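Q:
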Amino acid sequence: MCETIEIPPGDRESILTILSKVIGPYINWVSNQDPERVKGKGNALLRLRESFRDLDFDPDPNKDWDELAADM
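Numbering (the numbering used here), first residue to last: 15 to 86.
#1: Tell me the rounded alpha-carbon separation between N57 and E27.
#2: Where do the ends of the alpha helix (DSSP H) carrying D68 lie?
#3: Let me make sure I understand the geometry here. Which of V52, L30, N46 has the alpha-carbon closest to that of P75?
#4: N46 by DSSP, collapsed to three states: which one?
Quick look at the structure:
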């Protein structure tokens, strides 16, 4: 059984900083997996980026994910 943990609102900038430190390395890790494993997942990566941007967080301000997505 999973326990639900409530997290109160925090400082926006601190949260965004932590989020960017997690998302970037995760995306790099995913993109470095076996090519057959990530094949065809480039569009999912770009949709994820757009979803975050819709929520006012840009996980890829330098547009590095475009190149990663093209290689997937």
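The beta carbon of each residue, even a glycine, is placed where N, CA and C say it ideally should be. Please read all numbers here as calculations on a predicted model, not as lab measurements.
A: This is what the structure gives:
#1: Straight-line Cα distance between these residues: approximately 28 Å.
#2: Start and end: 56-68.
#3: Per the Cα distances, L30.
#4: DSSP places N46 in coil when its eight states are reduced to three.
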